[in-house]
Structure formats: C-alpha cells, structure tokens
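Visitor:
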Amino acid sequence: MSTPTDTGHRLGKFFRDRRTGRGLTLEEVTGAGSSATLSRFERGEIDISADKAIRVLQQIGSGYFDFMDFYNSDTANFPLELQEIIQLNDTGQLKNRVQSYLDAHPKPTAMTRLAHILLEAGTHWPDPNYHLSAAAEQEVADRLAVPETFNFLGLELLKAVIGPASPELLDLLWQRTKRVSGEWHEMEVLMLWLGALMHRDQPMIAAMQTELRPYFTHLQSYASAQEFAPNWQYGVAVARWIKEPTLANADQVEKLISTLYAMGIETDAQWFTMMFARTKASQVQHNPALVDHPLTYTVAATPGDVIRFRRQEMGMRQKDLAAIVSPAALHRFETGQTQLSFGNLMRLCGTLALLPSQILERVTPPAGPKPLSLNEAFRRIQYRPLAAKTDPQQVITTFATQLPGIPSRILDQELFILKVAANQPDDAAGKMRQMAAQSFNQLMQVNHWEAMEMYSVQALVNWLDPAQLALVFNKGWRLMKLHPELIGGVHYCIGFCQAVRRVVTEFPSQAEEFIAQFTWLEDDPKRELLIATPYGWQMLGACLFAAYSLAPSAKRRAKCEQFVHRALRVGQGNIVTTLGHDWHALLPEGFLPRLIQSYQP
1 MSTPTDTGHR
11 LGKFFRDRRT
21 GRGLTLEEVT
31 GAGSSATLSR
41 FERGEIDISA
51 DKAIRVLQQI
61 GSGYFDFMDF
71 YNSDTANFPL
81 ELQEIIQLND
91 TGQLKNRVQS
101 YLDAHPKPTA
111 MTRLAHILLE
121 AGTHWPDPNY
131 HLSAAAEQEV
141 ADRLAVPETF
151 NFLGLELLKA
161 VIGPASPELL
171 DLLWQRTKRV
181 SGEWHEMEVL
191 MLWLGALMHR
201 DQPMIAAMQT
211 ELRPYFTHLQ
221 SYASAQEFAP
231 NWQYGVAVAR
241 WIKEPTLANA
251 DQVEKLISTL
261 YAMGIETDAQ
271 WFTMMFARTK
281 ASQVQHNPAL
291 VDHPLTYTVA
301 ATPGDVIRFR
311 RQEMGMRQKD
321 LAAIVSPAAL
331 HRFETGQTQL
341 SFGNLMRLCG
351 TLALLPSQIL
361 ERVTPPAGPK
371 PLSLNEAFRR
381 IQYRPLAAKT
391 DPQQVITTFA
401 TQLPGIPSRI
411 LDQELFILKV
421 AANQPDDAAG
431 KMRQMAAQSF
441 NQLMQVNHWE
451 AMEMYSVQAL
461 VNWLDPAQLA
471 LVFNKGWRLM
481 KLHPELIGGV
491 HYCIGFCQAV
501 RRVVTEFPSQ
511 AEEFIAQFTW
521 LEDDPKRELL
531 IATPYGWQML
541 GACLFAAYSL
551 APSAKRRAKC
561 EQFVHRALRV
571 GQGNIVTTLG
581 HDWHALLPEG
591 FLPRLIQSYQ
601 P
C-alpha cells in the first residue's frame, strides 16, 4: 500500500506539473492559503484539506475527472484499467498490474479476493473449459449487490467474468438490473446478454435482446449506445447464428470481426473472436448453490457517506483500512464528526476502487455554496433542454464571479469556452478574438492537456485559420497517444469534424493540404484510441467525404464506399447518417444513398 509520504509526493507533483504546465506561479494560486503552504504541499512535505485541494484545482484549471490519470498512475490502487487488457488477453500485462496491487496489499481482504478473481478470469478467458468456482461467483455476486452504483468497476468485472460465469450468476445480476434505469443499466444488461450468448441460452438471449432493442435502435438519444453499437451488432449476428447455425450466419459474424481488424479496432475484434469461440464450444457449468445477498442503495450526501457505503458494498471492515486511517478516525469521518486529509482520501479511493471524482463531487466548502465547475457550467449551457429556464448568461456570470482569485489566463480561457458554447461570441470590442488568441497560445504551450484544453479545442474551431487548426489537432493527437486516459476526447473529435467542414467551405484553396495532414487516421498503429469511438469514425468519414467533395475521383469514391460499408457492418450506421447531414450540400446529389444501397450484408 502507498505510504502517506508516497501519496504526498505524487499528489504534490500532480498539482505542480499542472500549475507550471499552464504557466502559473505559486503567487497566482492562493487556494491552499499561501504560496508557502502550496509550495510545501507540492514538495510532499505537508497534506491539505480536500476543500483546499479543490480550490487549487479550480485555480489551475483542472477538474475532478482529470484525476483519473492520477488514480491509474499508482499501481497500489485497485486496477480500473483492465478492460482492454482482458479483451486482448494480454496475460503478461494483466498479471503485472494485478500483482502490483496485491503486493501493495499483502493482507487478504474482500478487495484482494476480487483482484485474484479478475486475474484468474482474465487469464483463462479463451479456454472454453474454464469456469469460475462457486466461491468466486459468490464473491462477484456480493460485490455487485447494489446495481444503482454500477460503473467502471462493475463493467470491468463483467468483462472479466461473463464468459466463465454460470447461467445462475448472469440471471441473478440481470434480475437486479431491474431496480435501476439509465445508460449504466443498459450497459450492464448488454454485458450480461453477451454472456448469455456464450451459453446459448435462447430464452434469456431473447428476453435481454428485447429489453435492449429500443436503446440500440435510437442511437441518437444515447451517447453510450453509439459507443457500444459494435457490441450490439455482434450480439445480434451471434444470436442469429445460435438460432440457425449455418455457414452463412457464421460468416456474418466473421465479417464483422474482420472489419474491426481492418479498421485497427483490435480490442473489440480480439474480444469478439474469443467470445465467438466460447459460444461455439458452449461448455456451460451451473451453480445452484449461488445465494442472493441483497443490499439496499442509499444516496451518499457527503464524502464520509461515499466511503462508508462503498466499504460496506465491497465487504471491507473499518479495520481492513487501518493502514490508511485508524478504525476510530474512520468511524468519525464516516459519521460526519471529522474530516480526513486530501491524501488519505485519495488512498481510500485507491483501496476501494473509487474514482476520485466520486469523492470530490461531494466535498462542500466550510461556508457558502459549492462552486460551479467548468464541466457543470458547460453542460448546463450546451445540453440544457429546450424547455429549460436556464439562462446561459446567468451561468457564465455565476461562474465568473463565484471564486475570487482565479488567475486571469485560466478564467479567460474558461469564459471563452462557455461563451462559445452559449453562442454569445459578441466581438464588438475584439475581446473574443483576443481570448481566442490567448487560448490558442495556451494550447501550444501546455504539454499535458486535460478537459479544459479539450473544451478549448472545440471552442476555437471558428476562430483559427487552417494552419493553426492543423497545429492544434496534430498536437492533440500526439498528446492523446502519450496519455490515452485523457478526458474530453469527444470535444476534440467534434471540433475536428467541424474544422474540416469549415476549412472546405471557407478556405477551399487550403483544404487539400489541410486534410493531408491527418493521414494518421488511416495508418497510425494507435488510431484505435479514436477510431474505436463513434466520433473517431466520424473524423475519418469527414476527411474522406471532404476529399471527394474537393476533387471527385474513382479512387476517392471507392474509399468513401469502403468506409460506409464498414460502418454499416459494425453497427455505426448512425455515423453515416450524421455525415450525410453534415456533407450533403457539398457532395453530388444522391452520392451517399448510392453508397448505402451498394452495401451487401
């Protein structure tokens, strides 16, 4: 387990790197109380309160979700980044990551037992004769007893166990999902449905498929549905093969997998390959001894609630966390009698597989209302319902005045983002153009982007020339390859698609040169980071359609046709529809409909 000193040094470095990376001095950041206090915190000499840490975060332009990078960088934390490793069956990397956690936590607990299950299940995934033991299944069932809190840990667990799980475990978890609604509900049912397919349990398959169908046939209403569309498309093809195990139906599954490989989406392709092999083998093992130990969901209002409910859900006792904080002190914290330092909160998060954001979102200042984060302000403006009474200008005013002492270069960049989102680029005095120039310069200077920089990329699309846009998007791609966990990639992708269309329409003489700078979308070995998402598909499609609109040719038409057919095959038809809407005015009449009509399932 990380010691307080280890965590203190890592936390201090995390804050210092972001402060200096954005060109801020100690004197500009006063959230910790004084520059001397902040300096000592950054050197790992002292800890600070969670409230002060949040104030510093806001002053340096970082958000709660940016802490995912910090969480994953400490191998003493419970691993929450195993999904792709398991899907690729990278057993060496899986063993190293889980073993690092186990080495840091030598005392057996419910969390270490869960880590062992992840390691064993992930290692033996391809073996159709491997099944979870009854004890392991009971452990998984008990740890997933509160479906209302299903998130990254639950998704990681299911991806590891749905293959070797018994029908009884899948059914128990499925029955529990009926307690909740929302996108996480559909994600859990989707994973369980993929497990039922491997058992060839036709009644369960049909029932789950009926439950999921409305969700995946209204993709525009659900962002996560678009991301998991290939899983749905794969499952539908396999369900068809189970019902009619013909060579033609098996070929449909293989074509989908081959298309994913061709697009560089190796993670899904490899996982589907392993799942289809288990489905064809269909070695089912029942577990009639499985017992349901239900837990009641309680809404957490404070950081102490979050820790207490998570600890109970994970089967951890207060004394199991004594290496971080004494049972007596933990009891006082959980019951609201005292607070814990920021470093100890982060250590508890790592031990209990809690995202830091789950704690930080519930930290309230000693006096006054909780400040509005950039993410929350952006969402209130950008995603407000049409009938909502939210006044974008009021949101911007509140955000600008809620916290004194925000460095001007940070506040200006954030206000630029919000004003563009609110469609209020009043530039009568040239202020917006000045803010845009400052934001561009900041992007070029900062070498570790976070959510604020990603928001800025989207906001700058209509304020930069083609050469500047190319610099922004190419730098963003280089940084994403270095930091795959970077939050906010969707804004980068949306901005890219908007930029391509703007350059084609407003700078046609420079458009060919502009598009030619993004060939990495087709040939970079790491392009899966983007192409595995719907917005990444849209980026590639935008470049292909733009190239054809500028200089139609048989070769460029063939590339557009291949793209459309591949998108349709893996379930990304909604992306084709979106591209058609964006590009129909710049493409020949009937161009896209003809490409769609030529598709052969």
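For the sequence shown, UniProt numbering begins at 1 and goes up steadily by one. The C-beta atom is built at its ideal place from N, Cα and C for all residues, glycine as well.
Which same chain residues end up closer than 6 Å to Phe-14 when comparing Cβ atoms and leaving out the 5 residues on each side of it in sequence?
Guide: Phe-70
Visitor: Roughly how many angstroms lie between the CA atoms of Arg-379 and Ile-487, to the nearest whole one?
Guide: 15 Å
Visitor: Enumerated in chain order, which unbroken segments of the alpha helix (DSSP H) with a length of 4 residues or greater are wholly contained in the region 465-505?
Guide: Residue ranges of uninterrupted alpha helix (DSSP H) with 4 or more members, entirely inside the region 465-505 and ordered along the chain, are 466-482.
Visitor: Quick check on Ala-387: does DSSP put it in helix, strand or coil?
Guide: Low confidence applies here, because Ala-387 scores a pLDDT of 45, under 50, leaving its location unreliable and the question unanswered by this model.
Visitor: How many angstroms separate the CA atom of Ala-76 from the CA atom of Leu-530?
Guide: The straight-line gap from Cα to Cα measures roughly 29 Å.
Visitor: What is the DSSP secondary structure of Ser-49, counted as helix, strand or coil?
Guide: strand
Visitor: Should the region 184-200 be called in touch with the region 231-246, which here means at least 3 C-beta pairs below 8 Å?
Guide: Yes, since at least three Cβ pairs between the region 184-200 and the region 231-246 fall closer than 8 Å, the two stretches touch.
Visitor: Please name the residue, chosen from Leu-169, Val-140, Glu-148, Glu-376, that lies closest to residue 630 on a Cα-to-Cα basis.
Guide: Since the first residue shown for the chain is 1 and the last is 601, residue 630 is missing from the structure and cannot be characterised.
Visitor: Classify Ser-373 as helix, strand or coil using the three-state DSSP reduction.
Guide: coil
Visitor: Apart from the five residues just before and just after Phe-399, which ones in its own chain have a Cβ nearer than 8 Å to its Cβ?
Guide: Answer for Phe-399: Leu-372, Leu-374, Ala-377, Glu-414, Leu-415, Leu-418, listed in chain order.
Visitor: State the DSSP-derived secondary structure class of Ser-598, mapped to helix, strand or coil.
Guide: In the three-state DSSP reduction, Ser-598 falls in the coil class, being neither helix nor strand.
Visitor: Thinking C-beta only, is Ile-257 closer than 8 Å to Leu-197?
Guide: no
Visitor: Do you know offhand how far Asp-142's Cα is from Pro-294's?
Guide: One C-alpha to the other measures close to 8 Å.
Visitor: With burial defined as no fewer than 16 other Cβ atoms inside 10 Å of the residue's Cβ, what is the status of Gln-202: buried or exposed?
Guide: exposed
Visitor: Drop a sphere of 10 angstroms on the beta-carbon of Val-291, count the other beta-carbons inside from all chains shown, and report buried for 16 or more, exposed for fewer.
Guide: Counting Cβ neighbours within 10 Å, Val-291 comes out exposed, since fewer than 16 surround it.
Visitor: Let me know the secondary structure DSSP gives Ser-35 once reduced to three states.
Guide: Per DSSP, reduced to three states, the secondary structure at Ser-35 is helical.
Visitor: For Leu-24, collect the residues of the same chain with a Cβ closer than 7 Å to its Cβ; drop the 5 residues on either side in sequence, then sort them by chain order.
Guide: Here the set comprises Ile-60, Pro-407.
Visitor: Taking Tyr-130 as part of the alpha helix (DSSP H), name the residues at either end of that continuous run.
Guide: Segment: none, Tyr-130 is in no alpha helix (DSSP H) and carries neither H nor E.
Visitor: For Gln-337, count neighbouring C-beta atoms within 10 Å of its own C-beta (all shown protein chains included) and say buried if the count is 16 or more, exposed if not.
Guide: exposed
Visitor: What residues match up with Ser-341 in a beta bridge as DSSP calls it?
Guide: Note: Ser-341 sits in a beta bridge opposite Ser-49.
Visitor: With 16 other CB atoms within 10 Å as the buried threshold, where does Ser-166 fall?
Guide: buried
Visitor: Looking at the secondary structure, which residues open and close the alpha helix (DSSP H) in which Ile-162 lies?
Guide: Here Ile-162 belongs to no alpha helix (DSSP H), and DSSP marks it neither H nor E.
Visitor: Taking 8 Å as the cut-off, decide whether the C-beta atoms of Phe-78 and Gly-350 are in contact.
Guide: yes
Visitor: For the structure I just gave you, are there three or more beta carbon pairs, one from the region 462-469 and one from the region 81-99, closer than 8 Å?
Guide: Cβ pair count under 8 Å is below three, so no.
Visitor: Taking the alpha carbon of Gln-283 as the point to measure from, which residue in Pro-164, Thr-364, His-331 has its own alpha carbon closest?
Guide: Pro-164
Visitor: So, for Thr-91: in the same chain, excluding its five sequence neighbours on each side, which residues have a beta-carbon less than 6 Å away from its beta-carbon?
Guide: Thr-123
Visitor: Quick check: the Cα distance between Ser-598 and Asn-287, rounded to an integer number of angstroms?
Guide: 48 Å
Visitor: Give me, in chain order, the residues of the same chain whose beta-carbon lies closer than 7 Å to that of Met-539; leave out the 5 immediate sequence neighbours on both sides.
Guide: Cys-493, Phe-496, Cys-497, Leu-521, Leu-530
Visitor: Return the chain-ordered list of same chain residues with a C-beta closer than 6 Å to the C-beta of His-565, the five sequence neighbours on each side being excluded.
Guide: Once the five neighbours on either side are set aside, the close Cβ partners of His-565 are Tyr-599.
Visitor: How about Asn-344 and Val-325: are their beta carbons less than 8 Å apart?
Guide: yes
Visitor: At 4 residues or longer, and completely inside the region 506-565: list those alpha helix (DSSP H) runs for me, N to C.
Guide: 508-516, 520-523, 528-531, 534-550
Visitor: Let me know if Asn-447 comes out buried or exposed under the rule of 16 or more other beta-carbons within 10 Å of its beta-carbon.
Guide: exposed
Visitor: Give me, in chain order, the residues of the same chain whose beta-carbon lies closer than 6 Å to that of Phe-150; leave out the 5 immediate sequence neighbours on both sides.
Guide: Trp-184, Glu-188
Visitor: Report buried or exposed for Asn-474, applying the criterion of at least 16 other Cβ atoms within 10 angstroms of its Cβ.
Guide: exposed
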